[in-house]
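Student: Residue numbers (this note's numbering), protein chains in the order written: chain A, 0 to 580; chain B, 140 to 391.
1) Between the stretch 557 to 575 of chain A and chain B, which residues of the former have a C-beta closer than 9 Å to a C-beta of the latter?
2) Whole angstroms are fine: how far does the CA of residue 189 of chain B sit from the CA of residue 223 of chain B?
3) Is there at least one Cβ from chain B nearer than 7 Å to residue 337 of chain A's Cβ?
4) Between the alpha carbons of residue 318 of chain B and residue 325 of chain A, how many angstroms are there, rounded?
5) Mind checking if residue 163 of chain B is an interface residue toward chain A, Cβ cutoff 7 Å exclusive?
6) Output yes if chain B places a C-beta closer than 7 Å to the C-beta of residue 491 of chain A; else output no.
7) With burial defined as no fewer than 16 other Cβ atoms inside 10 Å of the residue's Cβ, what is the status of residue 287 of chain B: buried or exposed?
8) Do residue 146 of chain B and residue 195 of chain B have their C-beta atoms closer together than 7 Å?
9) Could you check whether residue 234 of chain A and residue 88 of chain A sit closer than 7 Å to each other, using their CB atoms as the reference points?
10) Identify the residues that DSSP records as bridge partners of residue 148 of chain B: which are they?
11) Using DSSP's beta-bridge definition, name the partner residues of residue 396 of chain A.
12) Can you tell me the Cα-Cα spacing of residue 352 of chain B and residue 209 of chain B, whole angstroms?
13) Quick check on DSSP: helix, strand or coil for residue 202 of chain B?
14) In the DSSP assignment, the alpha helix (DSSP H) including residue 534 of chain A goes from what residue to what residue?
15) On the premise that residue 485 of chain A lies in contact with residue 581 of chain A, defined as a C-beta separation below 8 Å, what is that separation, rounded to the nearest angstrom?
16) With the cut-off set at 7 Å, would you say residue 422 of chain A and residue 569 of chain A are in Cβ contact?
17) Quick one: measure Cβ to Cβ for residue 465 of chain A and residue 424 of chain A, integer angstroms, because I've assumed they're closer than 8 Å.
18) Check the C-beta distance from residue 250 of chain B over to residue 270 of chain B and give it rounded, since I have them as a contact under 8 Å.
19) Which first and last residues belong to the alpha helix (DSSP H) in which residue 327 of chain A is found?
20) Only counting the same chain, and skipping five residues up and downstream in sequence, which positions put a Cβ closer than 7 Å to that of residue 165 of chain A?
21) Name, please, each residue of chain A whose Cβ falls closer than 7 Å to the Cβ of residue 228 of chain B.
22) Identify the contact partners of residue 7 of chain A in chain B, using a Cβ-Cβ distance below 7 Å as the criterion.
23) Helix or strand or just coil, what does DSSP make of residue 339 of chain B?
24) Which residues in chain B sit within 9 Å of residue 413 of chain A, going by Cβ to Cβ distance?
25) Out of curiosity, what's the CA-to-CA distance linking residue 38 of chain A and residue 44 of chain A?
26) Taking 7 Å as the cut-off, decide whether the C-beta atoms of residue 376 of chain B and residue 341 of chain B are in contact.
27) Leaving out the 5 sequence neighbours to the left and right, which residues in its chain are closer than 7 Å to residue 77 of chain A when beta-carbon positions are compared?
28) From the DSSP output, which residues share a beta bridge with residue 170 of chain B?
29) Name the residues in the stretch 382 to 409 of chain A whose C-beta lies less than 7 Å from a C-beta of chain B; which are they?
30) Residue 320 of chain A versus chain B: which residues are under 9 Å apart at the beta carbon?
31) Which residues does DSSP list as the beta-bridge partners of residue 196 of chain B?
32) The beta strand (DSSP E) with residue 351 of chain B in it runs from where to where?
33) Just the C-alpha distance for residue 258 of chain A and residue 175 of chain A, rounded to the nearest angstrom, thanks.
34) Strictly under 7 Å for the Cβ-Cβ distance: is residue 314 of chain A near chain B by that measure?
35) If you reduce the DSSP assignment to three classes, tell me which class residue 421 of chain B lands in.
36) By the 9 Å beta-carbon criterion, what residues does the stretch 523 to 546 of chain A contribute toward chain B?
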């Protein structure tokens, strides 16, 4: 029976790959694939072929040193512990193996045992794990160490986690069947965590010297302290199984890897036995899950990306929409209501990562400089990032509404009105965020010493005027791109995948940067024309806001022209074109 | 109310709609039928200004859909088979949004009446994701009818509706027609077309092959008498061999 399932998997994968190769006949996919392949080669693969030397990655990267490897092993074990813990706390559904509707229709009524189905799922998940392993190994290899050890280490971690997720979902179902509610299970898990945390805390308080300022002086000191706590006492025992799983990854050489591999494989085997011998009825929940999946896929294929989303909550209107007034305000109003969708888990992760990087990068400055200076630098960088990344993340415009283009086209509105209405929401949100940052910056100026106050104030006012127009210009480009190349840009929530999609994104990002630079030239000229003559009369600071105003006016004219063009593009946009793929 | 003259839509070499001409008067319910790929949806999309015609003119309420698009678009509603809603707007927010688009000062009263008529009054604050398929269809209809359109385009209006929903949809279409709206209805459900349409427009390969009342079309394509069913007429008109009738076992 498993042979038939392997046949299914083999031919499904093969046909999918053939389809993707065939579509390379289309230039948009071919160029994307070439760009994507070049990116992966230059960023990852060339290091595999060139060895360690001549500017390539040194063998002794941060992961290769034994001391840091031990630290990272502790941290990795802790991360794994948190992931596993969350798997026991967050999910609430009964165990469900997600199959496609066709698989449900063919396999569930067929004489296939439950165990065979689980094995099939496990074999299939190996394909996904293989690609994840490849990418992660290529990335982690850049931090030093042996790529093959990293690859096998990643495979072991991901495969064991995969089995654990499945096993915990089976256990959850069994607990539910035995009357242990989700709430009770969560409380029990949290109690275990609380007891463990208290034990670690008491041990650390009794055993380790009291925490001093030098222990928290910088990121490295904090990590060293964490290593001390994690590698002794109760934490050592708590994290021990997790250490066993991640240890092969951090092995410095082949012999150490083989030694670490034995207990890790044993854990993997135990997980497998746990999953395979769990007698849990997953069929009903699986049918439901596959139907939901099929509904989402059908909605996406029908171009109705909105219907493909789930778990929506009603958003509040930002303002009362009167029935009379410019029609484009209705689109602004609508898109602002939908902002909740934009702040997805992915965006929050990006925000958290950016914040962590900021504080890690600028933490050392805080010890030597005035805090206000540090904060001002962080705000300036945040503003720059908001300008560059904000328009990519806030997709409250055509990028979200394009699947509804046929409906938008029936509205009695001119193209430019629809274009303006679509772009206003992300501009409003971005500008609001940036003004907030500037206000904080103004507050900090008060703490800055001497003559810089005037200059900072001038720059702040200029930024407040310029930023919304710059945001507008930045947003015009991806919106024009989505109308010109709808299949290149992600519309809705699901994004195109594959090496060609990566290449398409790269080409688009470079095009956007080039377009922005060209768009800024007239503004920079206007700034210069006003600034330099005034500088001779009033010094270097006072002309800044006036020159910025001139630049803003020129850029605003460009933005207005851009909206008219975008409107024309939308009017000409053919809704029957190929959707994102 | 709707005048179509020489409407042609080309996709590269492919002709989706070919020299189509017809007109619809207020109160008429015109059934647009034809096999798959006949050009029904393309025709409706051209009529709604969603895609521009390659050639020909479309006048809605006397306004050209290309040259005077705004005035033309204020005249009609386009209701698709799959209700197209914004999943983050509630039922009432949809109406509020449409009211601003169409500048409807008294939308609250009309909106409340429509929701009551369509049995959505208790769902004002619900998101589309919380509505059944039929309710979503009703919401799309409420949005379409809020500005009291003089022309309504229906593309497969009964898709996904339960028997009660079908009955109500038919009543709703007839009610709007009696109120003077011109209605074009594209459907594969020939019994629906037969039941509620006053006129029939049969398309094949983008061309009009029949246009007239049911009796006129029947007469044109009926071999002997005029009592053939629309299904039979449809097969004859589109040159598809009619399936043999299903007979009871004894009579075979």
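Ideal placement from N, C-alpha and C gives every residue a C-beta, glycine not left out.
Computed from a predicted structure; not experimentally measured.
Tutor: Checking against the coordinates, here is how it stands:
1) 570, 571, 573, 574, 575
2) Those two C-alpha atoms are separated by around 14 Å.
3) yes
4) For residue 318 of chain B and residue 325 of chain A, the distance between alpha carbons rounds to 30 Å.
5) no
6) Any reading at residue 491 of chain A needs caution, since the residue's pLDDT is 48, under 50, leaving its predicted position unreliable; the model's value is listed next. It does not: the Cβ of residue 491 of chain A has no partner Cβ on chain B nearer than 7 Å.
7) exposed
8) yes
9) no
10) B:156
11) In the DSSP output, where bridge partners are listed per residue, residue 396 of chain A has none listed.
12) Distance between the alpha carbons of residue 352 of chain B and residue 209 of chain B: 32 Å.
13) strand
14) 498 to 537
15) Residue numbering for chain A in the displayed model covers 0 to 580; residue 581 of chain A lies beyond these limits and cannot be assessed.
16) no
17) Actually they are not in contact, since the Cβ atoms of residue 465 of chain A and residue 424 of chain A sit about 20 Å apart, beyond 8 Å.
18) No, residue 250 of chain B and residue 270 of chain B are not in contact; Cβ-Cβ is about 16 Å, not under 8 Å.
19) If you look at residue 327 of chain A, you'll find it in the alpha helix (DSSP H) that goes 327 to 336.
20) 274
21) Residue 228 of chain B reaches chain A at 333, 336, counting residues in chain order whose Cβ is nearer than 7 Å.
22) Under a criterion of Cβ atoms nearer than 7 Å, no residue of chain B is adjacent to residue 7 of chain A; the nearest Cβ is some 31 Å distant.
23) strand
24) Within chain B, 208, 209 have C-beta atoms less than 9 Å from the C-beta of residue 413 of chain A, given in sequence order.
25) 9 Å
26) Yes; because the gap between Cβ atoms is below 7 Å, this pair is in contact.
27) 229, 238
28) DSSP, once it has assigned bridges, lists B:324, B:339 as partnering residue 170 of chain B.
29) 403, 405, 406, 408, 409
30) 232, 235, 236, 238, 239
31) DSSP, once it has assigned bridges, lists B:144 as partnering residue 196 of chain B.
32) 346 to 351
33) 39 Å
34) Taking Cβ atoms only, chain B reaches closer than 7 Å to residue 314 of chain A, which makes this a yes.
35) Coverage of chain B is limited to positions 140 through 391, which leaves residue 421 of chain B absent and any answer about it impossible.
36) Close to chain B, meaning a Cβ-Cβ distance shorter than 9 Å, is no residue of the stretch 523 to 546 of chain A at all.
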